[in-house]
DNA sequence: GCTTTGACACTAA
DNA sequence: CTTAGTGCCAAAG
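Numbering (our numbering), first residue to last: -5 to 100.
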């Protein structure tokens, strides 16, 4: 089985801080980790060990589009709508209003 | 240890 | 609006 690198663990640790109804972008998540590895963050999501505990569906693109998901974009969109995030034409409506405010004392 | 691969970001056309 | 090109960084080959 794939070794979960420290970088990936950090991704999951930060991601698990995001509550239901809030979202973030790959770029913002990397920034919270004081990194610029947006793509590496995406790779970490792809290697997501547990969809139940790691809400990777709450991570979208910086341009407001849904982005990919292990179970398909349609499923990702469905989950977001279910959590109260408005989605229209595969894009989050005013996604900036739902961005998670990272805790400074993480 | 260099090259290729990605659930991305940004700009230009 | 979409496509093409370039940049980004970690992980895998």
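For each residue, glycine too, the CB sits at the ideal point set by N, CA and C.
Just so it is clear, the structure is predicted and the values come from calculations on it, not from any experiment.
Leaving out five residues before and five after residue 6 in sequence, what residues of the same chain have Cβ atoms less than 6 Å from its Cβ? 48
For residue 86 and residue 75, which I take to be in contact (beta-carbon distance under 8 Å), what is that distance rounded to the nearest angstrom? Incorrect: roughly 10 Å between the Cβ atoms, too far for contact.
Reducing DSSP to helix, strand and coil, say where residue 35 ends up. helix
Report, in whole angstroms, the separation of the C-beta atoms of residue 16 and residue 92, which I expect to be a contact under 8 Å. 6 Å
Work out the CA separation of residue 43 and residue 8 for me, nearest whole Å. Taking the straight line joining both Cα atoms gives about 15 Å.
Quick check on the DSSP output: the alpha helix (DSSP H) that includes residue 8 runs from which residue to which? 0 to 9
Proximity of residue 19 and residue 54 at Cβ, strictly below 8 Å: It is a contact, given that the beta carbons lie within the stated cut-off.
By the three-class DSSP mapping on this structure, what secondary structure does residue 54 have? strand
Rounding to the nearest angstrom, what Cα-Cα distance links residue -2 and residue 22 in this structure? 21 Å
The alpha helix (DSSP H) with residue 72 in it runs from where to where? 67 to 76
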